[in-house]
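So the number in the numbering used here is just where the residue sits in the sequence shown, counting from 1, plus 187.
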Amino acid sequence: MSLLKKKCAYCGNKIDRGREVFRDVKIIGFVGTKRKPFISKEHADSYEKEIEEYLKNQKKCGGSCCG
Numbered sequence: 188m189s190l191l192k193k194k195c196a197y198c199g200n201k202i203d204r205g206r207e208v209f210r211d212v213k214i215i216g217f218v219g220t221k222r223k224p225f226i227s228k229e230h231a232d233s234y235e236k237e238i239e240e241y242l243k244n245q246k247k248c249g250g251s252c253c254g
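Written out as C-alpha cells, the structure is:
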C-alpha cells in the first residue's frame, strides 16, 4: 500500500517498505537530532552536508543579541 511508504528526507521520493536507511540527523530549529528515512546512504550523507553548510552560514549572520 502506498499509504505506508515513507518519503526520503533528502529528495522526497517514496521509499519501499524495508529499504529505508534511517539516520539521526540535525533538524533546523530543533534541539538535538531526529531519526529520518533516506533512500540511500549517499542521500543521507548529502543531507547532512547541506544542513552543516546551512548552519555554518546561519551563524555568521548573528542575531539581535549577538550584534
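We put the CB at the ideal spot given by N, CA and C, even for glycine.
| Check | Outcome |
| --- | --- |
| Val208: which of Val218, Asp232, Leu191 sits nearest, CA to CA? | Asp232 |
| Taking just the CA atoms, how far does Asn200 sit from Val218? | 26 Å |
| With burial defined as no fewer than 16 other Cβ atoms inside 10 Å of the residue's Cβ, what is the status of Lys223: buried or exposed? | buried |
| Between Arg210 and the rest of its own chain, which residues show a CB-CB distance below 7 Å, the 5 nearest in sequence each way excluded? | Lys223, Phe225, Ala231 |
| Considering Cα atoms alone, identify which of Lys213, Cys198, Lys228 is closest to Lys221. | Lys213 |
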